[in-house]
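Worksheet: one structure, shown below.
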Amino acid sequence: MFSRSVFRSCINYGTFNREIVSVASLPETHQMLKKTCRDFADNELKPIAAKIDKEHLFPKDQIKMMGELGLMAIDTPENLGGTGLDYLAYSIAMEEVSRGCASAGVIMSVNNSLYLGPIIKFGTEEQKKKFVTPFTTGERVGCFALSEPGNGSDAGAASTTGVEQSDGFILNGTKAWITNGFESEATVVFATTDKSLKHKGISAFLVPKPTEGLSLGKKEDKLGIRGSSTCNLIFEDCKIPMDSLLGQPGLGFKIAMMTLDAGRIGIASQALGIAQASLDCAVEYAAKRVAFGKSILKLQTIQFYSMQNGQPRYVTSLLTPSKSTFYTSRAGN
């Protein structure tokens with residue numbers, strides 16, 4: 001554990017100084033990315049974040065801007081329309097965007113890691129042209145359909161079925177709590193193609209939206225992050241062509257686990273950004289609130305409270321970049 005004096009130095013008259021807390025030395029490219037994302041979050045996201053959440057608004061214009069900045073496909077290869085950076089860059093961008101607006105952060109996260117990620121790793125060249133490149137600009141977003149009403153994220157218990165026919169597959173079942181469900185124009189969906197093999201009988205598919213036989217449930221009324229819709233995807237005799245199969249038959253469980261493994265780094269970064277925004281808000285309020293003739297931020301009790309709330313975020317901020325770098329090196333191997 002570190003001393004209280006460290007955190008006292010980080011409280012700068014109402015603003016929790018992130019530069020002091022950040023001890024990791026970033027490459028120049030990543031420093032530029034961090035500044036770009038921070039400026040974008042402060043100027044384009046933060047002023048409208050409350051409105052987005054209160055009114056359940058999908059930030060369409062802001063997502064397009066993020067696409068123009070390369071944020072909707074950060075680790076996607078450049079030849080596919082992406083930025084071609086590493087997972088550390090993705091982590092940095094996720095934190096700053098989420099600090100400005102949690103909804104924008106989760107939309108970005110799902111499109112980058114859960115949707116584009118598995119297609120880049122397991123898709124054919126034709127699938128990448130159709131389902132990756134058009135989704136790198138912010139004009140379109142994708143989603144990831146794994147969870148089910150009775151199974152949660154237990155991919156090995158998928159009750160949605162994919163029955164193979166001579167000219168394709170027939171999907172039946174319901175996927176639940178799908179982030180970006182309403183706004184997405186394509187989904188990676190997992191279905192059981194051979195029940196006798198259990199989790200080894202699960203396959204992954206790429207389904208454009210709209211598609212006949214695919215309908216949407218009602219939007220969930222969530223406690224927060226309401227600018228990103230969450231709903232059920234309902235497959236009723238949904239016929240898709242044979243080339244919709246992502247990877248090999250029975251590879252779905254592996255694809256799902258590898259995708260979620262990568263996605264957790266983005267979720268940690270998102271949590272960091274939200275925590276930072278909360279801490280900034282609290283310290284800013286404490287600086288303005290006057291009691292007993294002075295700002296309450298100058299009261300030792302309030303300073304201790306700020307330190308205690310900042311400690312978990314500080315520790316996580318040290319761990320997440322190292323995990324991002326480790327993942328990038330492992331993926332390269």
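Residues 1 to 333, numbered by my numbering, are exactly what the sequence shown covers, in order. Glycine residues also receive a C-beta, built at the ideal position from the N, C-alpha and C atoms. Predicted model only: the values in this text are computed from it and were never measured.
{"Check": "Three or more C-beta pairs below 8 angstroms linking the stretch 102 to 110 and the stretch 263 to 275", "Outcome": "yes"}
{"Check": "Contiguous alpha helix (DSSP H) assignments of at least 4 residues, all confined to the stretch 65 to 128", "Outcome": "87 to 100, 102 to 109, 117 to 122"}
{"Check": "Spatial neighbours of V23 in its chain, beta-carbon cut-off 6 angstroms, leaving aside the 5 residues before and after", "Outcome": "With a pLDDT of only 38 at V23, under the threshold of 50, the placement of this residue in the model should not be trusted; the figure read from the coordinates follows. Counting only Cβ-Cβ distances below 6 angstroms, and skipping sequence neighbours, we find nothing."}
{"Check": "Whole-number beta carbon distance between F135 and L116, since they are thought to touch under 8 angstroms", "Outcome": "6 angstroms"}
{"Check": "Complete runs of the beta strand (DSSP E) confined to the stretch 171 to 245 [at least 3 residues]", "Outcome": "186 to 192, 202 to 208, 214 to 216, 230 to 241"}
{"Check": "Where C37 falls, given that 16 or more other Cβ within 10 Å makes a residue buried", "Outcome": "buried"}
{"Check": "Start and end residues, beta strand (DSSP E) containing G162", "Outcome": "161 to 165"}
{"Check": "Coarse secondary structure for G138, derived from DSSP in three states", "Outcome": "coil"}
{"Check": "Spatial neighbours of L114 in its chain, beta-carbon cut-off 7 angstroms, leaving aside the 5 residues before and after", "Outcome": "F144, T259, G263"}
{"Check": "Three-way DSSP call (helix, strand, coil) for E44 in this model", "Outcome": "helix"}
{"Check": "Exposure label - G118; buried when at least 16 CB within 10 Å", "Outcome": "Residue identity differs from the one stated: residue 118 is Pro in this sequence, not Gly. Looking at its Cβ environment, which holds 16 or more other Cβ atoms inside 10 Å, P118 is buried."}
{"Check": "Three-state secondary structure assigned by DSSP to E148", "Outcome": "strand"}
{"Check": "Cα-Cα separation between K121 and K209, rounded to whole angstroms", "Outcome": "22 angstroms"}
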